[in-house]
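Participant: Residue numbering for the sequence shown follows the numbering used here, beginning at 34 and increasing consecutively. All C-beta atoms in this analysis are idealised placements derived from N, C-alpha and C, irrespective of residue type, glycine included. To start, I am sharing the structure in question, which I have written as structure tokens.
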Amino acid sequence: MAKLTKKQKEAHGKIDKNKNYSILEASALVKEITNANFDASVDIAVRLGVDPRKANQMVRGVVTLPHGTGKDVKVLALVTPDKAAEATEAGADYVGLDEYLEKIKSGWTDVDVIITMPSVMGKLGPLGRILGPRGLMPNPKTGTVTMDVAKAVTEVKAGKIDFKVDKTGIVHAGIGKVSFSAEQISENAKELLETLVKLKPTAAKGVYVKTIYMSSTMSPSVALDPKVV
34 MAKLTKKQKE AHGKIDKNKN YSILEASALV KEITNANFDA SVDIAVRLGV DPRKANQMVR
94 GVVTLPHGTG KDVKVLALVT PDKAAEATEA GADYVGLDEY LEKIKSGWTD VDVIITMPSV
154 MGKLGPLGRI LGPRGLMPNP KTGTVTMDVA KAVTEVKAGK IDFKVDKTGI VHAGIGKVSF
214 SAEQISENAK ELLETLVKLK PTAAKGVYVK TIYMSSTMSP SVALDPKVV
């Protein structure tokens with residue numbers, strides 16, 4: 034195991050390993066124990082009592098964080114010419130169709146979200162092996178395949194994120210930056226957790242929210258009380 038630096042030891046020393054913190058307490062503590070010389074991201078990891086291998090226990094959804102993510106989200110709008118102007122006005126960073134499909138085929142994926150229209154999805158199918166592993170394939174369930182392109186772009190830019198339980202039963206999501214106030218981090222976390230609870234599959238038995246941990250890019254993790262939601 035790597036040796037901890039003095040600052041890392043101090044950070045670990047401020048965490049009570051026998052305590053499950055409230056959302057606000059954890060938010061304040063993560064800010065306190067982050068010593069990065071950049072604006073670190075704040076992340077949350079929620080272990081769910083589901084079996085993601087079963088289709089009826091898959092948990093996936095979208096949430097609009099009240100204070101955004103703090104990240105400048107780069108959006109590509111793959112749209113027909115008649116929708117290009119509204120996508121540009123809504124704030125999409127890249128707007129077009131065939132020229133960007135060719136770029137993606139060549140391996141270009143320098144965006145965070147791709148928004149497109151139902152009529153374009155057929156052209157995106159062959160690019161699944163490039164976009165899928167990077168989590169960039171548009172999906173009607175997350176609102177990234179829509180005729181209301183302007184609304185979708187605006188929502189993503191304002192802090193709308195999508196999340197999906199991984200194969201180990203954990204949902205990972207970025208909920209802000211260390212520069213946010215503890216209250217802003219807390220409110221973003223609460224919005225995500227409340228959304229997760231609403232998505233509990235009927236097939237999931239027993240305890241649904243098993244553990245919740247909050248951390249920053251450069252901090253140890255802080256355990257939250259799973260009963261907060």
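(1) Among E220, K107, L226, whose alpha-carbon lies nearest the alpha-carbon of F196?
(2) Note down the Cα distance separating G176 from V95, rounded to an integer number of angstroms.
(3) For M34, which of helix, strand or coil comes out of DSSP?
(4) In chain order, which continuous runs of the alpha helix (DSSP H) of length 4 or greater are located wholly inside the region 122 to 199?
(5) Taking Cβ positions, are V108 and V189 nearer each other than 7 Å?
(6) What three-state label does DSSP hand T228 in the structure shown?
(7) Whole angstroms is fine: what's the gap from D258's alpha carbon to Y54's?
(8) From S152 to I208, what distance separates their C-alpha atoms?
(9) Which partner residues of M247 appear in the DSSP bridge assignment?
Facilitator: Once the coordinates are examined:
(1) The shortest Cα separation from F196 among E220, K107, L226 belongs to L226.
(2) Cα to Cα, the separation comes out at about 8 Å.
(3) Note that M34 has pLDDT 45, beneath the 50 cutoff, so the model's placement of it is unreliable and the number below is only indicative. Three-state DSSP puts M34 in coil, outside helix and strand.
(4) 131 to 138, 154 to 157, 161 to 164, 182 to 191
(5) Yes; because the gap between Cβ atoms is below 7 Å, this pair is in contact.
(6) helix
(7) 6 Å
(8) 32 Å
(9) I77, V255
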